[in-house]
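Written below as structure tokens is the structure these notes are about.
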Amino acid sequence: MATWKCSSCGYEKESRCKPRKCDCGAKDSFQKK
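Be aware that the sequence shown starts at 93, since it is given in the working numbering, and climbs by one per residue.
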């Protein structure tokens, strides 16, 4: 498991693969933390 952080709103999510879209509407904005 990896922690991903949205670069536009700062939302953090734990997921095995990179999340595509954030709840804030940004696409491909997740960076591995």
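Every residue, glycine too, gets a C-beta built ideally from N, C-alpha and C.
- Cβ-Cβ distances below 8 Å link Met93 to Glu106, Ser107, Arg108 in the same chain, with the five nearest sequence neighbours on each side left out; the list follows chain order.
- Under the three-state reduction of DSSP output, Lys110 falls in the coil class, being neither helix nor strand.
- The DSSP-derived three-state label of Lys97 is strand.
- DSSP links Lys105 through a beta bridge to Trp96.
- With distances taken between CA atoms, Lys124 lies nearest to Lys110 out of Cys116, Asp115, Lys110.
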